[in-house]
Structure formats: C-alpha cells, structure tokens
Amino acid sequence: MSTTRRIDLVMAVAAVVTVVVTVPSLAQDAQTVLVDLPSAGRLAAVGAELTSVLESEGMHVLQPVAGQWPEPLPSRVVTDADSIRDEQRQQALRQFIDEGGGLVLIISRSRRSIEQANVFVRPLGLEIMPVASSLEPVEFYDTPLASGLNMPDVGSLRLAITGQITVPIARQGDNLVCAATSYGRGGVILLPALLVLADGVPEVRGPGLKLLTRCIRWSGQLPELASYAPEAQVAGAVGAGIEIPTGRTGLPQESRDFAGAILYDCQATEDQWPQITAVVVQALRESGLPVRALAVAGQDDPLVEYSVPEQAALYQYVAAGGSLLVLAHAHTDRQIRLVYLSEVLSYFGAVCSLGRPGGSAQATGGPVRQLGDIPGGVRVSGRSVKPLITVGSRPYLAAGYLEFENGRLVVMDAGPLLENAGYRLQLSQRVLPWLMSAE
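For the sequence shown, numbering that gives the first Met the number 0 begins at 0 and goes up steadily by one.
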C-alpha cells in the first residue's frame, strides 16, 4: 500500500498446485549435447550448421524426435526461450541443471521472448530486462570462454541480465548482455540470439557460431570457468536505461467487486508513482489472479489521509486473515503522507519514516541475497517487524514483514523498485508468493 486513499492491496487466498516432474539422471557421456532449436527461420539454419561443427569437434549431437526430448538428457542442452514454454519442460530443465546439467538458453530481444525466458530464469536468481537502445559496442569480459574470439558485428541488443551472476561473458555499455550462473551442481548460460545470428550467412562459420560452440562446451564446466572470471555485476546493474512505462495503470476500476482478485489502490501521478505502479502491477499479474484498481470518486489527489472507517476496514481485513502489501514512497516536501500511512500501520506495530541512508543492501532470503547499492529513502521499523531487506551495517530496514492475528503484511520502500533489479526480484519471487500462501 502506498500512501494512498483506501485499501492499497488486498490479495485473495489462492490454492497453489505444484507439478513434480521426474527427470532421469544425466547421461554419463560429457561429450553429448541435445540441440533443440526452431525448425524454421534463421536459428534453424544455425542449428544445422552447429550440428556439423560440434560433430567435427568430436561431440555427439542429439535432436528431439517428434518434439520429444531423449531420456535421459545428455550433459549439455542448447535451446531457445520459445522451445521451453511448457511448464513441465521448464521444471524438467531446472531439475536437470540442479543435478549437474549445462544449459545454453538463446534469447531474442523481443518483449515476448524476454517475458517467456524470465518465467524460466527468475527461480534461478536471474532476470532479463528490456533496456533502451545503445550505441556502445559489445565487448567480451576476459574469460577463457571468450579468449581469442572476435566480437560479432551487432547493433543494439536492447537487453540486460541481472541477478546472481556467476560468470559475466559480454557487456554493452553498462549492461550485461551475456552471462552464466550456477544452480545446484550445474548452470545456465544466457546468450542473445543476435550474437549467434551476427554472421549473416549461417554457412560461414564466423564469430557468432564460434561463440555459441564455446558456450555449449563451457556450460558443463561453469565452476572451472568461474575461477577465471572477473567479479560479476550484482543485481541492479541496470540503471536509467530500463524502460518503465509511465501514466496510470490502465487497470479495470471497481468500487466494490473484488472477489477472487487483487485490489491495487495507487492512481497517483506524481513522485514517480506511475513508474512504480508499472513495476508492481507487472509483478502482480504474474500471480495469475485478476488485478483491479479501486475507483476513488471526487479525489484530485489520490494520496490523502485515511478516514477512521477506512482504518478500521484495513485492521479488520488483516486480522481476519487478509494479506496486505504496503508500498511507502515520498519526498521530503510530502513526508506528511508517511505520517498518514504510519497512523494506519501503527495498528499492526509498524512505522515508516524518511531518513534511511543509501548503501549496500542485503536480503535475508529469496532468489538474490546481495542486492548491491540502493538509494536512501524510507525506513521501516517496529518491534514486531522482521527484516526482509536491510541496508548498511547497523542495519536499517528497507523492507520488513509481520504476521498480525490471522493475516500477513509486508512493508517496503517502493523507491528502489525503479533502481535495482534484485529488489524487484525480491518483490516478485519472495514477497508476493509469501503473501499469496496465506491460508
């Protein structure tokens, strides 16, 4: 909940069904690779040439038969985001990596491909972000994987990889565009399609195909590669380049019908709230529940003081078992809004105030622990509040949680959502699942 009028976020309780996929143990032949690339288009031509190259280097290549993968999977797999849209296949691949497999995942720069890839990589502690076009050249980091390779001739890749990076492979300006991460006993390498397709004519075995071949070979040796790698960028390396929509949410507005839906109440148009709202609503939609905005009549400024009946409604809702996300954000000249917000939060034993210094942030759990630096902003405090994200050695809380009678609350400084990808991962992969799991 921001410092907004009425209930900011009401989350309906949802049943979560987990599908367990059994994956046979990895094949013992470390020189076998499964190549599952599209059967049409430019990547199909690359796949045919890739098979020839790998076999000439002594590797055995397998391909899907009638769309089905072999069992057991070989030690290495190369595929693209469109080939792993099936949820069971995603679970199978995560277990494959956890048991020691090496995956090379090719990603295009379209928003659809990035969104599909993120469904798979977020549980691994990674996130791919669309960013503004860049005129900077693409450069390799100094690792054995890229040693002696010429950089493919490409334009703007318009994406950045953030999260728990084990090995940075290539960058474009300040954006990490090709990287690897370890997961369990294996790992995954994220490789932009434009780097693979840069050769133009697939029959010409240029730097794009050489890079793909290197990635396949090193995907099964990430621990060794990491020992040579420079220090990776922590989550949050994306900065002002990230494209975040502005304006109002565009959500359906309701005044009373919120059954089975998430109620989001923040239609403010100042203090960066449109940008914050865009980030939060995107994360909320991933829950699968409909998201609706509260229609507030007769209010030019949706950030106003709460009435006594509204405070009582929030108290009763949480006490009865509801889940509430509270997003706090204000600048110095508008900090009275935090006073209004804290008046409501005091019923639950929490307070928000300005004055938290910026600095190195750490999460107490979740997909990414080391978040890098975040800016100063709102401090969350309270005797019953447990830490989610801390800043500095003192430490100060940028986010905390608590359980109140039968309900749950999370209170977060919303400002870092615009600056730090790891902070956004904590929201989507830790905070929201915890609130949704309330019974």
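The beta carbon of each residue, even a glycine, is placed where N, CA and C say it ideally should be. Every value quoted in this text rests on a predicted model; they were computed, and no experiment measured them.
Beta-carbon contacts of S181 that lie in its chain and below 8 Å, excluding the five residues immediately before and after | For the purposes of this step, residue 181 is identified with residue 182 of the sequence shown, where counting begins at 1. Around S181: T165, L221, P222 and A225.
Burial state of Q115 (16 or more Cβ within 10 Å) | The count along the sequence shown starts at 1 and reaches residue 115 at position 116. Per the 10 Å Cβ criterion, buried.
Burial state of S322 (16 or more Cβ within 10 Å) = Position 323 of the sequence shown, counting from 1, holds the residue named residue 322. By the Cβ neighbour-count rule, S322 is buried, with 16 or more other Cβ atoms within 10 Å of its own.
Buried or exposed (CB count within 10 angstroms, at least 16 for buried), E126 = Residue numbering aside, residue 126 sits at position 127 when the sequence shown is read from its first letter. E126 should be labelled buried.
Euclidean distance between Cα positions of P469 and V367 = The structure shown has nothing for residue 469, since the chain only spans 0 to 438.
When you compare only the Cα positions, how much space is there between L196 and L326?
-> Here residue 196 corresponds to residue number 197 of the sequence shown, with the count starting at 1. Here residue 326 corresponds to residue number 327 of the sequence shown, with the count starting at 1. When rounded, the distance between both Cα atoms is 43 Å.
Take S82 as the anchor and find which of F139, R111, E70 and L49 has the nearest alpha-carbon.
-> Looking up residue 82 in the sequence shown gives position 83. Considering only alpha carbons, the answer is R111.
Sort G205, I373 and Y400 by Cα distance to G147 and report the nearest one.
-> Along the sequence shown, read from residue 1 onward, the residue named residue 147 stands at position 148. Selected option, being the one with the closest Cα: G205.
Between L262 and L283, which are expected to be in contact by the criterion C-beta below 8 Å, what is the C-beta distance as a whole number of angstroms?
-> Here residue 262 refers to the residue found at position 263 of the sequence shown. Here residue 283 refers to the residue found at position 284 of the sequence shown. About 10 Å separates the two Cβ atoms, so there is no contact after all.
In the DSSP assignment, what residue or residues form a beta bridge with K385?
-> Taking the first residue of the sequence shown as position 1, residue 385 is located at position 386. When beta bridges are read from the DSSP output, K385 appears opposite Y400.
What's the call for D264, buried or exposed, on a 16-neighbour Cβ count within 10 Å?
-> If you number the sequence shown from 1, residue 264 lands on position 265. Per the 10 Å Cβ criterion, buried.
Mind checking who M150 pairs with in its DSSP beta bridge?
-> Taking the first residue of the sequence shown as 1, we reach residue 150 at position 151. Answer is none; M150 lacks a bridge partner.
Can you say whether V307 is buried or exposed, counting buried as having 16 or more other CB atoms within 10 angstroms of its CB?
-> Numbered from its first residue, the sequence shown carries residue 307 at position 308. That one is exposed.
Where I261 sits in the DSSP three-state scheme | Locating residue 261 in the sequence shown gives position 262, counting from the first residue. Strand.
Where the beta strand (DSSP E) containing N174 begins and where it ends | Within the sequence shown, numbered from 1, the residue matching residue 174 stands at position 175. Start and end: N174 to Y182.
Is it true that the CB of G57 sits closer than 8 Å to the CB of G185?
-> Stepping through the sequence shown from its first residue, residue 185 is reached at position 186. Stepping through the sequence shown from its first residue, residue 57 is reached at position 58. Going by C-beta atoms, G185 is not nearer than 8 Å to G57.
Rounded to the nearest angstrom, how far is the Cβ of R88 from that of P122, given a contact under 8 Å?
-> Locating residue 88 in the sequence shown gives position 89, counting from the first residue. Locating residue 122 in the sequence shown gives position 123, counting from the first residue. The C-beta separation of R88 from P122 comes to about 14 Å, leaving the pair out of contact by the 8 Å criterion.
The alpha helix (DSSP H) with E114 in it runs from where to where?
-> For the purposes of this step, residue 114 is identified with residue 115 of the sequence shown, where counting begins at 1. Run containing E114: R110 to V120, per the alpha helix (DSSP H) assignment.
Thinking V317 and G406 are a contact (beta carbons under 8 Å), I'd like their distance in whole angstroms, please.
-> Translated into positions along the sequence shown, residue 317 becomes position 318. Translated into positions along the sequence shown, residue 406 becomes position 407. With 8 Å as the limit, V317 and G406 qualify as a contact, their Cβ atoms being about 4 Å apart.
When DSSP labels each residue in this structure, what does T212 get in the three-state scheme?
-> Working through the sequence shown from its first residue, we reach residue 212 at position 213. Correct three-state label for T212: helix.
Leaving out five residues on either side along the sequence, give the residues of the same chain with a beta carbon under 6 Å from the beta carbon of L426.
-> Here the question's residue 426 lines up with position 427 in the sequence shown. Cβ neighbours of L426 beyond the five flanking positions: A282.
Does the beta carbon of P167 sit closer than 8 Å to a beta carbon anywhere in chain C?
-> Absence of chain C from the displayed structure is noted, only one protein chain being present.
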